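In full-length UniProt numbering, the protein residues as written are 1 to 361. Glycine is no exception: its CB is placed at the ideal position from the N, C-alpha and C atoms. Note that this is a predicted model, so its numbers are computed, not measured.
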């Protein structure tokens with residue numbers, strides 16, 4: 001029998017195509033893996049490995065020995081001559097005497113493209129921010145006052161939006177008034193916006209957190225949402241309620257309301273990290289000398305653990321750190337502030353007076 005192709009031609013065409021070739025003669029795909037497994041040739045339970053070195057269909061069995069793709073075909077089909085195995089492979093590849101079979105050519109491996117850079121949503125952020133107004137004299141200020149905060153700074157990073165859409169699962173559930181906090185990194189780059197949706201109580205007329213329900217489940221949705229510039233952009237950043245001053249002292253708390261309350265308790269330049277996870281990862285400015293962390297005293301101790309992680313990080317940077325928490329579990333700085341006001345004792349307290357002395361690190 002004469003072929004139009006030499007053995008070298010057939011061997012070259014078979015290279016890297018042995019899964020197709022061997023599958024064409026009945027070898028299960030599971031047997032064509034580079035791992036110990038039953039031998040499809042002799043039946044051994046755990047002695048065969050299809051390593052396919054160089055794409056040449058090589059294998060090894062502790063009982064029936066080693067071979068390549070051609071000997072694999074020869075043994076599996078019980079062919080007497082090696083040339084008969086070559087003829088079978090040639091026919092599968094469309095290189096036989098009749099040339100009827102359709103060749104199967106493995107496509108060349110494509111290099112993995114570099115990851116697509118995250119989409120920058122800065123323009124979208126600025127559209128929301130520029131549609132809002134400075135906080136003084138707005139419903140957002142009245143909301144904070146209703147929460148018990150008496151000192152509202154005219155911060156350049158706090159604003160009020162009068163009709164901000166609330167999206168959930170791709171659906172707009174309405175437009176609400178919102179307290180906005182613009183988030184920055186230590187280089188001054190905008191990283192995101194913290195949104196606190198609020199509404200007016202129809203009975204009292206006071207502003208409160210918005211009560212928004214999932215239309216499908218009826219469950220109450222979170223009135224606080226973060227809007228990131230791009231995926232992961234807000235990690236380790238904060239709402240800079242105040243700019244740092246020459247003292248090199250910074251007060252840090254979680255939410256905007258909690259941070260403003262802590263700021264009233266301890267009059268210092270203040271940042272809000274938005275949540276506990278972000279507090280633990282907060283990137284601190286290189287000029288910082290002293291850090292006071294107002295930790296939430298929640299029952300889960302999430303607030304304290306976040307404060308501890310930040311304190312450890314700050315200490316490694318040579319920053320003097322102190323941690324303060326309300327005395328009672330389940331409370332934060334805002335609860336503490338309101339309790340002091342109810343006892344008519346706020347206004348003359350020093351930073352580290354009495355039992356409120358922060359814990360040093």
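Secondary structure of residue 184 (DSSP, three-state): strand.
Distances from the alpha-carbon of residue 155 to those of 180, 145, 36 put 180 closest.
CA-CA distance, residue 304 to residue 295, rounds to 6 Å.
Distance from the CA atom of residue 81 to the CA atom of residue 90, rounded to whole angstroms, is 15 Å. Here the stretch 267-274 makes contact with the stretch 245-256; the two share three or more CB pairs at distances below 8 Å. Annotation: the continuous alpha helix (DSSP H) that includes residue 71 extends over 69-76. Judged by their CB atoms, residue 283 and residue 185 are nearer to each other than the 8 Å cut-off. The three-state secondary structure of residue 189, taken from DSSP, is coil. 293 is the residue among 54, 326, 46, 293 whose C-alpha sits nearest the C-alpha of residue 319. Shown here for residue 327: not one same chain residue has a beta carbon closer than 6 Å to its own, the five before and five after excluded. For residue 195, the beta-bridge partners assigned by DSSP are 180, 225. Distance from the CA of residue 230 to the CA of residue 195, rounded to the nearest whole angstrom, comes to 16 Å. Across the structure, residue 289 and residue 228 are spaced so that their CA atoms are roughly 29 Å apart.
Under the three-state reduction of DSSP, residue 164 is assigned to strand. If you draw a 10 Å sphere on the C-beta of residue 332, you find 16 or more other C-beta atoms in it, and that means buried.
Remark: three or more beta-carbon pairs, one from each stretch, lie closer than 8 Å, so the stretch 124-138 and the stretch 161-172 are flagged as touching. Taking C-alpha positions only, residue 24 is separated from residue 115 by approximately 37 Å. Taken through DSSP and simplified to helix, strand or coil, residue 204 comes out as coil. Boundaries of the alpha helix (DSSP H) harbouring residue 340: 333-342, taken from the DSSP string. Annotation: residue 41 is outside any alpha helix (DSSP H) and is labelled neither H nor E by DSSP.
The Cβ-Cβ distance between residue 93 and residue 10 falls below 8 Å. Excluding its 5 nearest sequence neighbours in each direction, residue 127 has no C-beta neighbour in its own chain below 6 Å.
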